[in-house]
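If you read the sequence shown in our numbering, its first letter stands for residue 83, the second for the next number, and so on. Here a beta-carbon is modelled for each residue, glycine too, at the ideal position from N, C-alpha and C. Since the structure comes first, as structure tokens, the remarks are kept for the end.
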Amino acid sequence: MVEKLPKVVICSSLIIRVNGERSMFENLLLQSYSSISVCFEMKINPETFAEDLKSAEIIVADAKDFYQLLPFAPNLKWFQVSSAGVNLIMEKVNRSEGTPQYPFTVTRMGGTYHSAIAEYVIAQIISRERQFEKMREEQKIKCWDRKYRTYRILKELTIGIIGAGDIGVEVARCCKCFDMKTIGLCKQDRPKEQRSQYIDVSL
């Protein structure tokens, strides 16, 4: 007897932003599941693919679309959030009533976006230290007088990282490539052997 494979619906604008994430999902799911529907629009309308959602057992979607998708997915068994966190889901939860109990599993994509976010952080640090935005404005008006401008090189900087998880540690690793000093803030104290080698001071 051939086992019936679950139906999957992917509707995420976040996945497509990182090069390779979209093809990775499509290739992986095509190998494992029999029926897949895909929507990578920034703003989704569940009614346009309501039939697919009705029979879907697995949904991969952005956290912002969690609540509008649920009424269309009565057979849902697993909701995979496309982001590293689920704060957009939890901010609507009444904490006084305890942890919500759903008849399906909710998981997040921790450990997926650390490289992309770390690159963004490094880019922002360099852009702000070198005043790229101001330089661009001066280029527009053909102003080339930069005698007043000074900047710090990266190894002179001390970087504070709030949250030393997968993303924070990767940010610290990239910062250490430029010899920056790193300070990491964690919610809970960690034994020395569990602290990252890329964080100079843990708080």
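Taking C-beta atoms under 8 Å as the contact rule, V188 and V168 qualify, at a distance of about 7 Å.
Here DSSP, grouped into helix, strand and coil, assigns G242 to strand. About 6 Å separates the beta carbon of S137 from that of N157, a gap short enough to meet the 8 Å contact definition.
In the same chain as S164, and ignoring 5 residues on each side of it, the C-beta atoms closer than 7 Å to its own belong to S94, L96, I97, V142, A143, D144, M191, in chain order. Spanning the alpha carbons of K125 and Y202 requires a straight line of approximately 24 Å.
Beta-bridge partners assigned by DSSP to S284: G266.
The beta carbon of F186 is closer than 8 Å to those of L158, K159, W160, F161 in its chain, skipping five residues each way along the sequence. Annotation for K89: the continuous beta strand (DSSP E) segment containing it runs 89-93.
When the five nearest sequence neighbours on each side are left out, the beta carbons in the same chain lying within less than 6 Å of the beta carbon of G193 are those of D248, in order along the chain. Straight-line measurement puts the Cα of G266 at about 29 Å from the Cα of T181. Collapsing the DSSP output to three states places F161 in a strand. With a beta-carbon spacing of about 29 Å, K237 and D271 fall beyond the 8 Å limit used to define contacts. Under the three-state reduction of DSSP output, T181 falls in the coil class, being neither helix nor strand.
Annotation for I207: the continuous alpha helix (DSSP H) segment containing it runs 196-211.
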